[in-house]
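The opening residue of the sequence shown carries number 2 in this note's numbering; numbering runs sequentially from there.
We put the CB at the ideal spot given by N, CA and C, even for glycine.
Presented below is the structure to which this report refers.
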Amino acid sequence: MCGKPTTKRICTKCINDMYEPVRSSNNIYHCTHYYKSSKMIKMYKYASHPSFSKIMGEMLCKLFIDLKIPEEVYTVTFIPSNKKSYYEKGFIPAKEIAKHFAKYFDFELKELLINKSKKRHAEMTQNERLNSVNFEIIKKVPKNIIIIDDVYTSGASMNTAIELLNTNTIGLTFAKTR
Ligand SMILES: [Zn+2]
Numbered sequence: 002m003c004g005k006p007t008t009k010r011i012c013t014k015c016i017n018d019m020y021e022p023v024r025s026s027n028n029i030y031h032c033t034h035y036y037k038s039s040k041m042i043k044m045y046k047y048a049s050h051p052s053f054s055k056i057m058g059e060m061l062c063k064l065f066i067d068l069k070i071p072e073e074v075y076t077v078t079f080i081p082s083n084k085k086s087y088y089e090k091g092f093i094p095a096k097e098i099a100k101h102f103a104k105y106f107d108f109e110l111k112e113l114l115i116n117k118s119k120k121r122h123a124e125m126t127q128n129e130r131l132n133s134v135n136f137e138i139i140k141k142v143p144k145n146i147i148i149i150d151d152v153y154t155s156g157a158s159m160n161t162a163i164e165l166l167n168t169n170t171i172g173l174t175f176a177k178t179r
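Pasting the structure below:
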């Protein structure tokens, strides 16, 4: 991003500069703002660079440690992509990030929700997004959950998922727009 030669896709300084925790509500937190990280997120989601999931996952681990949330055994889950998005990308962005996060803390990763929406969120207006979220629970819901997503925009997905899971749930996303 800064142009400095590095063996990694992005240098350590650029990663550290990106970190700027922000909170949306008392249980939804983000590592950074979208304007600081959009270049990397776009490469991750749309240019097939799933390797960025490690950087994003590691930053979410740092966020979780910095938040000093009471220690519990958490089950990690993620906001599911719809079928069309998964078919196009070949991976579920939030799931790859969640894998790194769960592994670091030795939490169990469970796919708790499926996305039954037909249209991709990226193709919708804010109002369409708010009305289009269509998740369904597919497994027994554990007691304490951390739900992960890459980007928080309208908050429709995250808030709907938290409401649906209806248990002690912390939402973590890598970036927040606006
Ligand atoms: Zn750099």
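Whole-number beta carbon distance between residue j and residue i, since they are thought to touch under 8 Å
i           : j           : result
residue 83  : residue 130 : With 8 Å as the limit, residue 83 and residue 130 do not qualify as a contact, their Cβ atoms being about 12 Å apart.
residue 109 : residue 77  : 7 Å
residue 174 : residue 159 : 7 Å
residue 106 : residue 95  : At roughly 17 Å, the Cβ-Cβ gap does not stay under 8 Å, so residue 106 and residue 95 are not in contact.
residue 56  : residue 16  : 6 Å
residue 142 : residue 168 : 6 Å
For residue i, three-class secondary structure by DSSP
i           : result
residue 18  : helix
residue 165 : helix
residue 104 : helix
residue 132 : helix
residue 52  : coil
residue 113 : coil
residue 47  : helix
residue 62  : helix
residue 139 : coil
residue 35  : helix
residue 42  : helix
beta-carbon residue i near ligand 1 non-hydrogen atom, thresh 7 Å
i          : result
residue 2  : yes
residue 32 : no
residue 9  : no
residue 62 : no
residue 37 : no
residue 5  : yes
residue 40 : no
Boundaries of the beta strand (DSSP E) in which residue i is found, first to last residue
i           : result
residue 88  : Segment 84-90 is the alpha helix (DSSP H) holding residue 88; no beta strand (DSSP E) there.
residue 78  : 76-79
residue 145 : 145-153
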